[in-house]
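Student: So that we are looking at the same thing, I have put the structure below in structure tokens.
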Amino acid sequence: MSDEDLFASSASATSGNYDASSIEVLEGLEPVRRRPGMYIGGTDERALHHLASEVLDNAMDEAVAGHANRIEVLLEPGNRLTITDNGRGIPVDPHPKFPDKSALEVILTTLHSGGKFSDKAYATSGGLHGVGVSVVNALSVDTTVEVARNRELFRQSFSKGLVQGPLEKVGAAPNRRGTSVSFIPDSEIFGTHQFKPARLYKLARSKAYLFAGVEIRWKCAPELISDDTPAEAVFQFPGGLADHLAEQIGERQCATKEFFSGTQDFAGAVGRAEWAIAWPLWSDGSYSWYANTIPTPDGGTHEAGLRGALVKGIRAFGELTGMKKAKDISAEDVMTGCELMLSVFIRDPQFQSQTKDRLTSPEAAKLVETAVRDHFDHFLTDNMDRGKALLSYVIDRMDERLARRAEKEVKRKTATSGRKLRLPGKLTDCSADDPAGTEIFIVEGDSAGGSAKQARDRKTQAILPIRGKILNVASATSAKILANTEIADLIQAIGCGTRKDCNPDNLRYERIVIMTDADVDGAHIATLLMTFFFQEMPELVKRGHLYLAQPPLYRLTAGGKSVYARDDAHKDEILAGELRNKKVDVSRFKGLGEMNPGQLRETTMDPKTRGLIRITLPQEYEEVAGVKDLVDRLMGNNPAHRFAFIQDNAAEIDEDMIDA
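Each residue of the sequence shown is one higher than the last, beginning at 22 in our numbering.
Pasting the structure below:
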């Protein structure tokens, strides 16, 4: 038995005896079931879906090697996932080292077995350690593998890593070839976690983009779908990553009309790089890195190579065009805000762990930089107007970065510190030293600010008045955003920086409360402020620091009793309810400034009596493109996009809402 098949552990530290009998030996796949986290990073939902990735990666390796052109992914009730390819099929003949076992059984039941340790069967592959499908088998309560090979069909079943019977010759298969792996993850390992159709759909789709020569067929039992994920789909993208990027960018305006995309074989080495990059305006962007079709979310050496090619290329172009400032451009300036995808295929890649989140192969950096650099130089110089447009965009990012570096982080001003900090003159700060429990109210105009100052709790509540409608950051350049006085005051008062420099730990207040008039203009100002926080400080929103105050629009008085209503619908509800059949005096507040401090405190600012709405980002924010695209369309500088959105969604508006 090899060292890889053994697993030793010492006896409990509380035991008094420690001798040879204390040493436990785990054989076969038992180590995987004892310590699944060592092989798939845990037992949570992410780890569960890693099983799907392991099997799909094997099928993709067959496609990349040129032996398969079709992969099928099927999710059925009972949490059963089946992945089928039309490749060569796992060998079923007896294994030379284990004559009483087929190669199929060895692969499914033995760690560190497979055909990817050398380049005999695969020049490049995602499976490297020989543990992928055996780990899936070990952590599944039911695994069935079918192999169509040499016009015959073979089948073998397993449970929890153990063989349930010999390899069976099912019959003839004249029109079939390849491997089918069907498995049900073990609930003893993964608890109640189930495969998510949307997540598997996205995984299958991304694999099709990564290799243009493969067709991936997706199918899911309709009863398992709870969102808009299709039950059936076929993915095949001749343009590869460029097709994916075009879909992700949609109608968003970019610094250059054409994307920077291409593919290049590595010079003097087996493998190639494929990339697609766009620079959308007013976007935080997103990065997708892949190695041998494996997602590497933490980047790695291939990322370093691309960064080097981009920054060296744009600096050289700046020197060519006489832009002296270009020498100070950093990789951050080129990549901030871009939508980027890079896929590399290399022989014997090295990853940081079995989950392969980061590529560590040292040669990848030089290979990628060399492959991309010539193409990027040509992209910039072949069309000088295009090159200059991108250079201007990058210089704006650089100016923004340098301005932020020069700006000192604003710390909390306290009554006892004696330090003179640069805070906005309009800010009326609170006196508490600790940010916990404090809040800043962003109010519209000096009149509302004056009333709010008198209504506040001086210890925990700060007031920052702003003048009218702030700049719409979704349709403004970075330079214009930084030059805007109202936004500069807001950034200074909050004190945690913006975009890449935003650090929520430096937030000067626990809560940021947008408090505007309860009318259409107030709603517009609140929308502009929410757009600002979404674009410039998204982490604050994700962590739940942003709130929307709910000031009343009406005051209803009957006798000695006063009741406040947020809007017309709320007013009608009160009149039909607790004030029914009473003589009611209805007064409408034109703005917060019309409310006396007592009324403002009672209705909007006192934590005991007020109501706040927490502003959050939807789950789709993790996928970046969809939410940002919606914000760009609704808040950007193209009114046609807003008009189209209204037309598309008008039918969904309730008639009662229109009447209200």
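For each residue, glycine too, the CB sits at the ideal point set by N, CA and C.
Cα separation between L511 and L485?
Tutor: For this step, residue 511 is matched to residue 490 along the sequence shown. For this step, residue 485 is matched to residue 464 along the sequence shown. Using only the alpha carbons, I get a separation of about 8 Å.
Student: Assign Q482 to buried or exposed, taking buried as 16 or more other Cβ atoms, counted over all protein chains shown, within 10 Å of its Cβ.
Tutor: Residue numbering aside, residue 482 sits at position 461 when the sequence shown is read from its first letter. Burial call: buried.
Student: Would you check if there are 3 or more beta carbon pairs closer than 8 Å linking the region 230-248 to the region 379-394?
Tutor: These segments do not touch.
Student: Whether or not the region 217-224 and the region 189-208 are in contact is what I'm after, with contact meaning three or more pairs of Cβ atoms, one per stretch, closer than 8 Å; do they touch?
Tutor: With a cut-off of 8 Å, the region 217-224 and the region 189-208 do not count as touching, because too few Cβ pairs lie within range.
Student: For F232, which residues of its own chain have a beta-carbon under 8 Å away from its beta-carbon, when the five flanking residues on both sides are left out?
Tutor: The residue given as residue 232 occupies position 211 in the sequence shown. Hits under 8 Å: M81, A84, V85, G261 and T314.
Student: Does the contact criterion of 3 or more C-beta pairs under 8 Å hold for the region 572-583 versus the region 603-614?
Tutor: Short answer: they touch.
Student: Does the structure place the region 589-599 close enough to the region 564-572 that three or more beta carbon pairs sit under 8 Å?
Tutor: Judged by Cβ distances under 8 Å, the region 564-572 makes no contact with the region 589-599, as fewer than three pairs qualify.
Student: Within the region 262-320, note down every full alpha helix (DSSP H) run reaching 4 residues or more, in order along the chain.
Tutor: As far as the region 262-320 is concerned, its whole alpha helix (DSSP H) runs of at least 4 residues are 262-270.
Student: Are V235 and A294 touching if we call contact CB-CB under 8 Å?
Tutor: Stepping through the sequence shown from its first residue, residue 235 is reached at position 214. Stepping through the sequence shown from its first residue, residue 294 is reached at position 273. Not in contact: V235 and A294 (Cβ atoms no closer than 8 Å).
Student: How do the region 349-356 and the region 406-423 stand: do at least 3 beta-carbon pairs fall below 8 Å, yes or no?
Tutor: In short, these stretches touch, since the Cβ pair count reaches three.
Student: In this structure, how does DSSP classify T506 when only helix, strand and coil are distinguished?
Tutor: In the sequence shown, counting from the first residue as 1, residue 506 sits at position 485. T506: helix per DSSP, three-state reduction.
Student: Report the CB separation of N100 from P251 in whole angstroms; it is logged as a contact under 8 Å.
Tutor: Within the sequence shown, numbered from 1, the residue matching residue 100 stands at position 79. Within the sequence shown, numbered from 1, the residue matching residue 251 stands at position 230. Wrong, their Cβ atoms sit about 20 Å apart, outside the cutoff.
Student: Taking three-plus beta-carbon pairs below 8 Å as touching, is the region 531-546 in contact with the region 493-507?
Tutor: They do not touch, by the three-pair rule.
Student: Assuming V192 is part of the beta strand (DSSP E), what are its boundary residues?
Tutor: The residue you call residue 192 lines up with position 171 of the sequence shown. First, the amino acid is wrong: residue 192 is Gly here, not Val. Segment E189 to A193, the beta strand (DSSP E) holding G192.
Student: Could you check whether W300 and G358 sit closer than 8 Å to each other, using their CB atoms as the reference points?
Tutor: Counting from 1 along the sequence shown, the entry for residue 358 is found at position 337. Counting from 1 along the sequence shown, the entry for residue 300 is found at position 279. In contact: G358 and W300 (Cβ atoms closer than 8 Å).
Student: Please confirm if the region 272-283 is in contact with the region 395-410, defined as three or more CB-CB distances below 8 Å between the two stretches.
Tutor: Cβ pair count under 8 Å is three or more, so yes.
Student: Note down, in chain order, each residue of its chain lying with its Cβ closer than 7 Å to the Cβ of P456, except the 5 sequence neighbours on either side.
Tutor: Taking the sequence shown and counting its residues from 1, one reaches residue 456 at position 435. Contacts found: R433, L528, R529, Y530 and E531.
Student: Taking only runs of the beta strand (DSSP E) that begin and end inside the region 335-384, which ones reach a length of at least 3 residues, in chain order?
Tutor: 360-367, all fully within the region 335-384.
Student: Pop quiz: Q571 and T625 are said to be a contact at Cβ under 8 Å. What is the actual Cβ separation, rounded to whole angstroms?
Tutor: Numbered from 1 along the sequence shown, position 550 holds the residue referred to as residue 571. Numbered from 1 along the sequence shown, position 604 holds the residue referred to as residue 625. 7 Å between Cβ atoms; contact.
Student: How would you label S208, buried or exposed, when you count the other beta carbons within 10 angstroms and need 16 or more for buried?
Tutor: Numbered from its first residue, the sequence shown carries residue 208 at position 187. Flag for S208 reads exposed.
Student: Classify A424 as buried or exposed, calling it buried when 16 or more other Cβ atoms lie within 10 Å of its own Cβ.
Tutor: Taking the first residue of the sequence shown as position 1, residue 424 is located at position 403. So A424 ends up on the exposed side.
Student: Report the residue from L411, P187, S201 and D354 whose alpha carbon sits nearest the alpha carbon of M419.
Tutor: Residue mapping note: residue 419 aligns to position 398 of the sequence shown, counting from 1. Per the Cα distances, D354.
Student: Starting from the C-beta of A549, find all residues in its chain whose C-beta is less than 7 Å away, skip the five residues before and the five after it, and write them out in chain order.
Tutor: Along the sequence shown, read from residue 1 onward, the residue named residue 549 stands at position 528. A quick correction: the sequence has Leu, not Ala, at residue 549. Once the five neighbours on either side are set aside, the close Cβ partners of L549 are K490, I491 and N493.
Student: Identify whether Q257 lies in helix, strand or coil by the three-state DSSP scheme.
Tutor: On the sequence shown, residue 257 is found 236 positions in, with the first residue counted as 1. Here Q257 sits in coil by DSSP.
Student: Taking the alpha-carbon of L448 as reference, which of A73, I508, I128 and V127 has the nearest alpha-carbon?
Tutor: Walking along the sequence shown from the start, residue 448 turns up at place 427. Checking every option, the nearest Cα to that of L448 belongs to I508.
Student: Is the separation between the beta-carbon of S364 and that of Y311 shorter than 8 Å?
Tutor: Within the sequence shown, numbered from 1, the residue matching residue 364 stands at position 343. Within the sequence shown, numbered from 1, the residue matching residue 311 stands at position 290. A contact, by the Cβ cut-off of 8 Å.
Student: I need the straight-line Cα distance from H545 to R488, nearest angstrom please.
Tutor: Translated into positions along the sequence shown, residue 545 becomes position 524. Translated into positions along the sequence shown, residue 488 becomes position 467. About 13 Å.
Student: From this set, L102, N158, I104 and L341, which residue's C-alpha is nearest V127's C-alpha?
Tutor: On the sequence shown, position 106 is the one that residue 127 refers to. Considering only alpha carbons, the answer is N158.
Student: Quick one, are the C-beta atoms of P112 and L132 less than 8 Å apart?
Tutor: Indexing the sequence shown from 1 puts residue 112 at position 91. Indexing the sequence shown from 1 puts residue 132 at position 111. Result no, Cβ atoms of P112 and L132 do not sit closer than 8 Å.
Student: Classify G698 as buried or exposed, calling it buried when 16 or more other Cβ atoms lie within 10 Å of its own Cβ.
Tutor: Shown here, the chain extends from 22 to 681; a query on residue 698 therefore has no answer.
Student: In this structure, how does DSSP classify L102 when only helix, strand and coil are distinguished?
Tutor: Position 81 of the sequence shown, counting from 1, holds the residue named residue 102. Three-state result, L102: strand.
Student: Residues in the same chain with beta-carbon distance under 7 Å from V156, minus the five sequence neighbours each way, listed in chain order, please.
Tutor: In the sequence shown, the residue the question calls residue 156 occupies position 135. Around V156: V53, Y60, I61 and E75.
Student: Nearest-angstrom Cα distance between G110 and R328?
Tutor: Within the sequence shown, residue 110 is the residue found at index 89, counting from 1. Within the sequence shown, residue 328 is the residue found at index 307, counting from 1. Taking the straight line from one Cα to the other gives about 39 Å.
Student: Look up E93 in the DSSP assignment and say whether it is helix, strand or coil.
Tutor: In the sequence shown, the residue the question calls residue 93 occupies position 72. Looking at E93 - three-state DSSP - the assignment turns out to be strand.
Student: To the nearest whole angstrom, what separates the beta carbons of L69 and F211, a pair I think is in contact under 8 Å?
Tutor: For the purposes of this step, residue 69 is identified with residue 48 of the sequence shown, where counting begins at 1. For the purposes of this step, residue 211 is identified with residue 190 of the sequence shown, where counting begins at 1. Going by Cβ atoms, the distance from L69 to F211 rounds to 5 Å, so yes, they are a contact pair.
Student: Short check: CB of G292 to CB of R368, under 8 Å?
Tutor: Here residue 292 refers to the residue found at position 271 when the sequence shown is read from its first residue. Here residue 368 refers to the residue found at position 347 when the sequence shown is read from its first residue. Yes, these two residues count as a Cβ contact at 8 Å.
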